[in-house]
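First comes the structure, then the notes that go with it.
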Amino acid sequence: MIYVVKIIFITGISGSGKTTALKTLEDLGYYTVDNIPVDLIHEVLSLTKRAGIDLITFGVSPRDPEMVKKFIDTLQDLRKEKDYEVILVFLDAKDEVIVRRYKETRRKHPFEAGNTIDRAIKIERDLLLKILDFSDVRIDTSDINIHQLRQRIREVAGLEKGSIVFHVISFGFKYGIPPETDLVFDVRFVKNPNFHPDLRKLDGTYPEVQEYVFSDTNAVKYLDMIKDMIIFMKDRFIEDGRYTATIAIGCTGGRHRSIAFAEKIKDFIEKELGLTCVINHRDKDKDLQL
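Offset between the sequence shown (1-based) and our numbering: plus 26.
Listed below in structure tokens is the structure:
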């Protein structure tokens, strides 16, 4: 019988929530090692395996290109071994959000010595870009709170190989496309409830808004096309070793059409595909000048 050790690596941009992610995993029973030198990863795994520890999380923060390369090599080596299940989580956030968080905590960015905070963030982002390509899960924390981040990490910890959790985000194009998105669908061509006096103050979670949106035959056809794409891509994501996938549905302001579509897609994923789906109406309350 093969004794499988589950390893979750947490890395990403400083200020994006790595400490919260590690503490969440620690609460779930993971043996946690933060800021581990890459050269010590194999040694620690050998010791913990002898101790019978089968849930381990490492916080990894490479500070130079050589350490980035060593970490990627180590990651690839571990993924080849049958007795390890490895997940790499990359945390990120918009530059302006990172700047704000550092100002609020009055802490210095690790790369700030001799640099402005903006320059420090760029240096780190350029350095870690190669690691992002090897990540299984990317979480952008710009628009989520600490409780939502903890929930995302709990989902990752509970996933088994070959399973996948879908995240569906409704958004307004005027506020930008969610950066963590795998699939983006534009529903701005659908007739807009914002111009209907009885529906304008409601949002896409209301049945009457959904009924109005899907009274458009093109909306129904497009929804069916999206469902077919999800069915096709689900298997591709799993084949690629992905644990999560993010679908973004956008309209102009993110309050009516995108939400109506997102709710239908969530129901489809949960009820027809039998998979877990987490929904986030990112911009629902941003466009309330009604």
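Using N, Cα and C, we set each Cβ at its ideal position, and we do this for glycine too.
With distances taken between CA atoms, H193 lies nearest to I295 out of D311, I295, I82. According to DSSP, residue pairing for S196 in a beta bridge involves I275, H307.
Taking the Cβ atoms as the reference, G198 lies roughly 7 Å from K312, within the contact range of under 8 Å. Listed as beta-bridge partners of T270 by DSSP are V191. Inclusion of A286 and Q236 in the CB contact set at 7 Å is warranted, their separation being smaller than that value.
E181 has its alpha-carbon roughly 27 Å from the corresponding atom of Y201.
Excluding residues up to 5 positions away in sequence, R308 lie with their Cβ nearer than 6 Å to the Cβ of D169 in the same chain. Between S40 and L117, the gap from beta carbon to beta carbon reaches 7 Å or more. According to DSSP, E111 shares a beta bridge with K32. Sequence-distant Cβ neighbours of E298 in its own chain, meaning closer than 7 Å and more than five residues away, do not exist here. Counting every other CB atom within 10 Å of its CB across the protein chains shown gives H135 a total of 16 or more, marking it as buried. For R164, the enclosing beta strand (DSSP E) has its first and last residue at 163 to 166. Contact between the region 121 to 131 and the region 80 to 87 is absent, with fewer than three C-beta pairs closer than 8 Å.
Here the alpha carbons of E122 and M93 stand approximately 27 Å from one another.
V213 sits in coil when the DSSP states are folded into three classes, being neither helix nor strand.
Just measuring C-alpha positions, the residue of F258, L249, R262, I147 sitting nearest D293 is L249. By the criterion of a C-beta distance shorter than 6 Å, L54 is surrounded in its chain by A183, once the five residues flanking it on both sides are discounted.
For L81, the enclosing beta strand (DSSP E) stretches over residues 81 to 85.
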